[in-house]
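To keep things clear, I will list the structure first and then write my remarks on it.
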Ligand code: PRP
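Residue numbers (the working numbering): 1 to 213.
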């Protein structure tokens, strides 16, 4: 048994919003805001330690119980699996997965097997399997918008937030694959072991989310 809960926060876009949420809950986040070289940040006025990690690592830490809680995007959850409880939709980080193509391209026309590039091959495969459509999925690590421009792919499945990146590259979204936002996830064993502490944390979280609505 640990005295303090551990939470893994996704670095980058979701990090600032997570800290804002915690501060709204009354948690002193100075150690996260001024991290220095430290990797584990102790919240001074609440029994919680926070670590910052890349999105797929947040899931790994929580699945293995190295962290009791995590904040991660639904996009990563859809791609990497579900061996934990997804307990709250935090609302922020809202965007969508979309299928996008070069403007004017008839993706569903013709008989050739379509090639689709994505950082999320699992989500992409599941989407087309559900449609009963055979596509060839190409895994790309970043700036997926390049793939149709270089004729590596006929379309992409990617996160669209403002739509600015698609527009700047002459691509248009033709279908929504899934809605995405940040989620609070909990390790299944921790939920039993630290029920009271986790319930307290979740209630504070929920109150703050309701206040912000
Ligand atoms: C994401 C996504 C798009 C862009 C969408 O990329 O993959 O490229 O943001 O945002 P928009 O609709 O507001 O333009 P990210 O910035 O995470 O970089 P990456 O492609 O290098 O992973």
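Just so it is clear, CB atoms sit at the ideal spot from N, CA and C, and this is done for glycine as well.
Just so you know, these numbers come straight off a predicted model, no measurement behind them.
Check, Outcome
"Pairwise C-alpha distance: residue 182 and residue 18", "9 Å"
"Per-residue DSSP class, three states only, for residue 67", "coil"
"Where residue 6 sits in the DSSP three-state scheme", "strand"
"Cβ pair residue 172, residue 156 closer than 9 Å", "no"
"Proximity to residue 102 [Cα-Cα], best of 60, 124 and 151", "151"
"From 210, 114 and 204, residue whose alpha carbon lies closest to that of residue 27", "204"
"Selected residue, minimal CA-CA separation from residue 50, among 63, 70 and 65", "70"
"Which listed residue (174, 210 and 65) has its alpha carbon closest to that of residue 189", "65"
"Bridge-paired residues (DSSP) for residue 114", "135"
"Residues of its chain near residue 53, where Cβ-Cβ distance is below 6 Å and the 5 sequence neighbours each way are ignored", "8"
"Cβ-heavy atom distance, residue 164 to the ligand PRP, below 8 Å", "yes"
"Beta-carbon contacts of residue 24 that lie in its chain and below 6 Å, excluding the five residues immediately before and after", "208"
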